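Student:
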Amino acid sequence: MIRRPVDSGDPDRLYTVTNGRTRANEDAFDLVTLIVSECEPSPGMQSEHVRILRMCDRPTAVVEIAAELGLPVGVVKILLCDLLDTGRITARHPRTSPRRAQLPDTEILKQVLVGLHNL
Amino acid sequence: MDSTTSELATSEPAVRTPLASTARDGLKIAIVGGFGVGKTTMVRSVSEIRPLNTEETMTRAGVGIDDARSADGKTTTTVAFDFGRISLNDEMVLYLFGAPGQERFWFLWDRLFSGTLGAVVLVDPRRLEDSWYAIDRLEHHGTPFVLARNNFGPPEYTLDEVREALSLPAQIPMVDCDARSRESSKAVLIALVNHLYTLSAARERAL
Ligand SMILES: Nc1nc2c(ncn2[C@@H]2O[C@H](COP(=O)(O)OP(=O)(O)OP(=O)(O)O)[C@@H](O)[C@H]2O)c(=O)[nH]1
Ligand SMILES: [Mg+2]
Numbered sequence: 037m038i039r040r041p042v043d044s045g046d047p048d049r050l051y052t053v054t055n056g057r058t059r060a061n062e063d064a065f066d067l068v069t070l071i072v073s074e075c076e077p078s079p080g081m082q083s084e085h086v087r088i089l090r091m092c093d094r095p096t097a098v099v100e101i102a103a104e105l106g107l108p109v110g111v112v113k114i115l116l117c118d119l120l121d122t123g124r125i126t127a128r129h130p131r132t133s134p135r136r137a138q139l140p141d142t143e144i145l146k147q148v149l150v151g152l153h154n155l
Numbered sequence: 129m130d131s132t133t134s135e136l137a138t139s140e141p142a143v144r145t146p147l148a149s150t151a152r153d154g155l156k157i158a159i160v161g162g163f164g165v166g167k168t169t170m171v172r173s174v175s176e177i178r179p180l181n182t183e184e185t186m187t188r189a190g191v192g193i194d195d196a197r198s199a200d201g202k203t204t205t206t207v208a209f210d211f212g213r214i215s216l217n218d219e220m221v222l223y224l225f226g227a228p229g230q231e232r233f234w235f236l237w238d239r240l241f242s243g244t245l246g247a248v249v250l251v252d253p254r255r256l257e258d259s260w261y262a263i264d265r266l267e268h269h270g271t272p273f274v275l276a277r278n279n280f281g282p283p284e285y286t287l288d289e290v291r292e293a294l295s296l297p298a299q300i301p302m303v304d305c306d307a308r309s310r311e312s313s314k315a316v317l318i319a320l321v322n323h324l325y326t327l328s329a330a331r332e333r334a335l
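First to last, the protein sequences are chains A and B.
Numbered continuously in our numbering, the first sequence closes out at residue 155.
Numbered continuously in our numbering, the second sequence closes out at residue 335.
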């Protein structure tokens, strides 16, 4: 596998991408929250926003967006907040609550088992 | 992967495989273990996409040893992790995360893996001690887990002996596996979800 240092680590670039904001609303998105575009990219839009909107033509997890853009997850969350606030995307949050250290009910786990057996 | 540099894998861009438009429920399972134990191999064996790599950073005041320290005295911890996914049905998508077991990673555990269904602790039987820390942290976070022994050769010890060496409680399932095999990796995931099912059913009965 070819590896190269990630250019996204450059603080200047991150600063530009996020318009200087450094904190996303961390609770707004889980790694596996599925993002769906609600509009086409429009002219003059920030290039990262354009790429996200194209990618999320079909539901796409936050972590997949981060991998695809080559940006840290936290930065992607900031970008997503912008798009969510302006109604350009919607978010499908996981049913299993992230803030509850609790097991999913047996009904959900049964569905997971069926899915795994069908692999 | 070198723990001090942040790297993303950049092999030729794969054609993205989109999810079904009906997908709405993302689920998480973490595969944790020491360096080179086979985490990425296991993710690759069962994933419907080529494993992808990403990273998360966290800025803290005053903690950290080998981390970048900026002018304001804060430290930034960066951890890289890879992941794959399995579409379970029209609506549910399971994401599998290969998580490095080392200390710095656990600072980010809550942020990344709160709400995770459970974890697979992958161990190399020649380096059992590499998994102590991960087991301790999972117990601390109350994350249910199973232990999977990735056999790089014929095992020298029985699973019972391994259980004893790791002081693992009897109710925690242990399985042998070959992370390169899809069937074997699938069996590990099923062992984990069966374990979760048992725990969840016990809780429902208690309600
Ligand atoms: N013989 C044998 N080799 C294996 C097995 N599982 C993994 N390997 C090999 O062990 C090496 C390390 O596997 P990885 O999947 O990269 O391990 P990892 O845990 O992701 O490693 P890091 O991310 O670097 O910590 C690779 O060369 C694999 O091909 C196994 O079950 N048997
Ligand atoms: Mg790996």
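Even glycine gets a Cβ: it sits at the ideal position worked out from N, Cα and C.
Values in this document were obtained by computation on a predicted structure and should not be read as measured data.
Please decide whether F211 (chain B) counts as near chain A, where near means a Cβ-Cβ distance under 9 angstroms.
Tutor: If you number the second sequence from 1, residue 211 (chain B) lands on position 83. It does: the Cβ of F211 (chain B) has a partner Cβ on chain A nearer than 9 angstroms.
Student: What does E100 (chain A) touch in chain B if you count any residue whose Cβ is under 7 angstroms from its own?
Tutor: Residue 100 (chain A) sits at position 64 when you count from the first residue of the first sequence. By Cβ distance, chain B contributes L180.
Student: Check whether chain A comes within 9 angstroms of M170 (chain B), counting only Cβ atoms and requiring the distance to be less than that.
Tutor: Residue 170 (chain B) sits at position 42 when you count from the first residue of the second sequence. Answer no: the Cβ-Cβ gap between M170 (chain B) and chain A never drops below 9 angstroms.
Student: Under 8 angstroms, CB to CB, which of the residues in the stretch 298 to 326 of chain B have a partner in chain A?
Tutor: Under the 8 angstroms Cβ criterion, the stretch 298 to 326 of chain B contributes R310, K314, L317, I318, V321, N322, L324 and Y325.
Student: Quick one: which unbroken alpha helix (DSSP H) runs of 4-plus residues sit fully inside the stretch 70 to 148 of chain A? Chain order, please.
Tutor: If we require 4 residues or more, the alpha helix (DSSP H) runs fully inside the stretch 70 to 148 of chain A come out as 83 to 91, 98 to 105 and 109 to 121.
Student: Identify each residue in the stretch 77 to 100 of chain A for which the Cβ-Cβ distance to at least one residue of chain B is less than 8 angstroms, and report them in chain order.
Tutor: Answer set for the stretch 77 to 100 of chain A: M91, D93, R94, P95, T96, A97, V99 and E100.
Student: Using a beta-carbon distance below 9 angstroms, is N278 (chain B) in contact with chain A?
Tutor: Working through the second sequence from its first residue, we reach residue 278 (chain B) at position 150. No, N278 (chain B) does not count as interfacial toward chain A.
Student: Spell out the partners DSSP gives L224 (chain B) in its beta bridges.
Tutor: In the second sequence, residue 224 (chain B) corresponds to position 96, counting from 1. L224 (chain B) pairs with B:I157 and B:G212.
Student: Using the C-alpha atoms, what's the distance from D218 (chain B) back to N278 (chain B)?
Tutor: Locating residue 278 (chain B) in the second sequence gives position 150, counting from the first residue. Locating residue 218 (chain B) in the second sequence gives position 90, counting from the first residue. C-alpha separation (whole angstroms): 32 angstroms.
Student: So, for R128 (chain A): in the same chain, excluding its five sequence neighbours on each side, which residues have a beta-carbon less than 6 angstroms away from its beta-carbon?
Tutor: In the first sequence, the residue the question calls residue 128 (chain A) occupies position 92. For R128 (chain A), where only same-chain residues beyond five positions count, the Cβ hits under 6 angstroms are L70.
Student: Specify whether the stretch 81 to 93 of chain A and the stretch 136 to 149 of chain A touch according to this definition: at least 3 beta carbon pairs, one from each stretch, less than 8 angstroms apart.
Tutor: Judged by Cβ distances under 8 angstroms, the stretch 81 to 93 of chain A makes no contact with the stretch 136 to 149 of chain A, as fewer than three pairs qualify.
Student: Where do the ends of the beta strand (DSSP E) carrying F233 (chain B) lie?
Tutor: Along the second sequence, one-based indexing puts residue 233 (chain B) at 105. Segment E231 to W234 is the alpha helix (DSSP H) holding F233 (chain B); no beta strand (DSSP E) there.
Student: Kindly identify the DSSP beta-bridge partner or partners of P181 (chain B).
Tutor: As a first step, residue 181 (chain B) is located in the second sequence; it is residue number 53 there, counting from the start. The sequence given here places Asn at residue 181 (chain B); Pro does not occur at that position. In DSSP, N181 (chain B) forms a bridge with B:D210.
Student: Please enumerate, following chain order, all residues with a beta carbon closer than 6 angstroms to at least one heavy atom belonging to ligand 2.
Tutor: The filter returns B:K167, B:T168, B:D210 and B:G226, in chain order.
Student: Excluding the five sequence neighbours on either side, which residues of its own chain have a C-beta within less than 8 angstroms of the C-beta of L236 (chain B), listed in chain order?
Tutor: Within the second sequence, residue 236 (chain B) is the residue found at index 108, counting from 1. Within the same chain, L236 (chain B) has close Cβ partners E184, M186, T205 and V207.
Student: Name, please, each residue of chain B whose Cβ falls closer than 7 angstroms to the Cβ of A103 (chain A).
Tutor: As a working mapping, residue 103 (chain A) is identified with position 67 in the first sequence. Going along chain B in sequence order, the residues near A103 (chain A) (Cβ under 7 angstroms) are L180, N181 and T182.
Student: Pairing CB atoms from the stretch 275 to 292 of chain B with CB atoms from the stretch 147 to 157 of chain B, are three or more of them under 8 angstroms?
Tutor: In short, these stretches do not touch, since the Cβ pair count stays below three.
Student: In the DSSP assignment, find the alpha helix (DSSP H) that holds K290 (chain B) and state where it starts and stops.
Tutor: Taking the first residue of the second sequence as 1, we reach residue 290 (chain B) at position 162. Going by the sequence as given, residue 290 (chain B) is Val instead of Lys. V290 (chain B) -> alpha helix (DSSP H) spans L287 to A293.
Student: From L105 (chain A) to L294 (chain B), what distance separates their C-alpha atoms?
Tutor: Within the first sequence, numbered from 1, the residue matching residue 105 (chain A) stands at position 69. Within the second sequence, numbered from 1, the residue matching residue 294 (chain B) stands at position 166. Those two C-alpha atoms are separated by around 40 angstroms.
Student: Using 10 angstroms around the beta-carbon of T168 (chain B), count the other beta-carbons present and answer buried if the total reaches 16, otherwise exposed.
Tutor: Position 40 of the second sequence, counted from the start, is the residue given in the question as residue 168 (chain B). It is buried - the Cβ of T168 (chain B) has at least 16 other Cβ atoms within 10 Å.
Student: With H, G and I counted as helix, E and B as strand and the rest as coil, what does DSSP make of R172 (chain B)?
Tutor: Sequence index remark: in the second sequence, residue 172 (chain B) carries index 44 (1-based). The answer is helix: DSSP assigns R172 (chain B) an H, G or I state.
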